[in-house]
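Numbering (my numbering), first residue to last: 4 to 119.
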């Protein structure tokens with residue numbers, strides 16, 4: 004089982020989710036997505052695994068959200084994904100990926116659904 008976590012060590016939910024995995028004997032590949040920014044194609048794959056739209060993956064309370072004009076609801080998924088690659092802080096976290104399935108760790112226990 005190859006598990007990846009899109010992780011921000013400064014985020015308490017991200018740290019809690021990582022700890023939850025490790026307590027279950029899972030040592031995921033840790034991707035600090037603020038340093039190693041996912042490509043457009045990687046984000047599309049993650050969105051597909053999550054089963055959500057690009058807008059649903061946005062952190063709308065970040066200053067960059069308004070700066071990038073993302074409050075414009077008419078923007079396409081392509082435009083939103085491009086903004087996430089330019090402002091990775093806007094990507095909701097943590098994201099745990101297991102094969103073709105993924106979950107956002109909010110709450111952290113939600114990632115357990117894809118570990119069986």
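Glycine included, each C-beta is placed from N, C-alpha and C at the ideal position. Model, not experiment: these values are computed from the prediction.
| Does the count of Cβ pairs from the segment 61–78 and the segment 24–34 closer than 8 Å reach three? | They do not touch, by the three-pair rule.
| message | For the pair the segment 96–105 and the segment 7–23, tell me if three or more CB-CB distances fall below 8 Å. | response | In short, these stretches touch, since the Cβ pair count reaches three.
| query | What are the boundary residues of the beta strand (DSSP E) that residue 35 is part of? | reply | Going by DSSP, residue 35 is part of the beta strand (DSSP E) stretching over 32–35.
| said: Rounded to whole angstroms, what is the Cα-Cα separation between residue 23 and residue 45? | reply: Cα to Cα, residue 23 sits roughly 25 Å from residue 45.
| What whole-angstrom Cβ distance do residue 57 and residue 40 have, given they're in contact under 8 Å? | That pair is no contact at about 15 Å.
| message | So for residue 76, helix, strand or coil by DSSP? | response | Of the three classes helix, strand and coil, the one that applies to residue 76 here is coil, per DSSP.
| If you follow the beta strand (DSSP E) that residue 49 is part of, which residue opens it and which one closes it? | Here residue 49 belongs to no beta strand (DSSP E); instead the alpha helix (DSSP H) covers 43–53.
| Near residue 106, what residues of its chain come up, given a Cβ to Cβ distance below 8 Å and the 5 sequence neighbours on each side ignored? | Cβ-Cβ distances below 8 Å link residue 106 to 53, 98, 99, 113, 114, 116 and 117 in the same chain, with the five nearest sequence neighbours on each side left out; the list follows chain order.
| For the candidate residues 103, 109 and 63, whose alpha-carbon lies nearest to that of residue 47? | Sorting 103, 109 and 63 by C-alpha distance to the C-alpha of residue 47 places 103 at the top.
| DSSP state of residue 6 mapped onto helix, strand, coil | DSSP, reduced to helix, strand and coil, places residue 6 within a strand of the structure shown.
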